Every structure is written in structure tokens, then in C-alpha cells.
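Take the sequence shown: its position 36, counted from the start at 1, is 36 in the UniProt record's numbering, and no numbers get skipped.
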Amino acid sequence: MNEHIVKKFWNLMSDGMFDEIGELMEENADVCLPNTRELFRGRDKYINFNKKYPGRWIITLDKIFSKDDIVVSAVKVEAGDKSSSFYANSFFTINNGLISEIVEYWGDNGEPPQWRVEESLSERY
Numbered sequence: 001m002n003e004h005i006v007k008k009f010w011n012l013m014s015d016g017m018f019d020e021i022g023e024l025m026e027e028n029a030d031v032c033l034p035n036t037r038e039l040f041r042g043r044d045k046y047i048n049f050n051k052k053y054p055g056r057w058i059i060t061l062d063k064i065f066s067k068d069d070i071v072v073s074a075v076k077v078e079a080g081d082k083s084s085s086f087y088a089n090s091f092f093t094i095n096n097g098l099i100s101e102i103v104e105y106w107g108d109n110g111e112p113p114q115w116r117v118e119e120s121l122s123e124r125y
């Protein structure tokens, strides 16, 4: 059940249906972005943030796992024009069928450092 809530959340985000996301969240839900040290207190601030965020983004769920009231997801977030992409790992807390907290860690996608390429320490996939 909890994984279904998070899957719906990401589908709505990908479709840009931000108001509908509010139906999945507690009114006083907190969303924390440690990379930028931001805390959005309440679903309305988080929804407003997403409405104002520039550009169109396509979100693809890569992995999802749940244990009790915690759901962990990994998604790929790609600009609609394919100019950039990121991965986000998110930890959702679900209370009584609603999201009460999200903690999101974002990472840029890019090329490996030249020193690793030169040393042949890894391979691209």
C-alpha cells in the first residue's frame, strides 16, 4: 500500500500535476532537501516550490523499497528537452495513508573524472 502512494506521487510529479500531489500528503508534511539545506514546512509550500520550478521534467522510477512506514525510492529526473538529468533518492514516511515527511538527496549525472578514465578503473554503462 505505501509503495503505491509513492508510485502515484512520482507519476503525478512527472505529469506536472502538483495540486493533486497534495491529496497524498498530510497538510503539515515536511520536505527536507539536505543538498541545499532547505526545509519546506507544509505541503502547500512544497507544492508551490514545484509549480514555480523552471522547466518541464520527466521522472522515471528506478527502484522502490518499503519497510513499515518508510518507503525509499530512486528516480531519474530528466529535463523535458533532454539537456540535463539527475538522480534523486527519497525517503518517504507514511502515516495513515498520507505522506508526512520526505527527505530527498539529489545527485548530478555526468562524466567520470579524467583520472579514473585514464586509470581504466571503471567502465561506462
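Backbone N, C-alpha and C define an ideal beta-carbon position, used for all residues, glycine too. All values reported here derive from a predicted model rather than from experimental measurement.
With 16 other Cβ atoms within 10 Å as the buried cut-off, status of residue i
{"i": "Ile102", "result": "buried"}
{"i": "Trp10", "result": "buried"}
{"i": "Asp30", "result": "buried"}
{"i": "Leu121", "result": "exposed"}
{"i": "Ile99", "result": "buried"}
{"i": "Ile94", "result": "buried"}
{"i": "Val6", "result": "buried"}
{"i": "Leu12", "result": "buried"}
Residue i vs residue j beta-carbon contact at 7 Å
{"i": "Phe91", "j": "Ile47", "result": "no"}
{"i": "Arg43", "j": "Met25", "result": "yes"}
{"i": "Lys82", "j": "Ala74", "result": "no"}
{"i": "Glu20", "j": "Ser66", "result": "no"}
{"i": "Glu111", "j": "Ala88", "result": "no"}
{"i": "Ile59", "j": "Val72", "result": "no"}
{"i": "Arg68", "j": "Phe86", "result": "For the record, residue 68 in the displayed sequence is Asp; it is not Arg. No, the Cβ-Cβ distance between Asp68 and Phe86 is not below 7 Å."}
{"i": "Trp106", "j": "Asn35", "result": "yes"}
{"i": "Arg56", "j": "Gly80", "result": "yes"}
Range of the contiguous alpha helix (DSSP H) that encloses residue i
{"i": "Lys8", "result": "2-14"}
{"i": "Asp69", "result": "Here Asp69 belongs to no alpha helix (DSSP H), and DSSP marks it neither H nor E."}
{"i": "Asp108", "result": "Run containing Asp108: none in the alpha helix (DSSP H); it sits in the beta strand (DSSP E), 98-108."}
{"i": "Asp81", "result": "Taken as a continuous stretch (DSSP letters only), Asp81 belongs to no alpha helix (DSSP H), as it is neither H nor E."}
{"i": "Glu118", "result": "114-119"}
{"i": "Glu20", "result": "18-21"}
Start-end ranges of the beta strand (DSSP E) lying completely within the region 31-59, minimum 3 residues: 38-41
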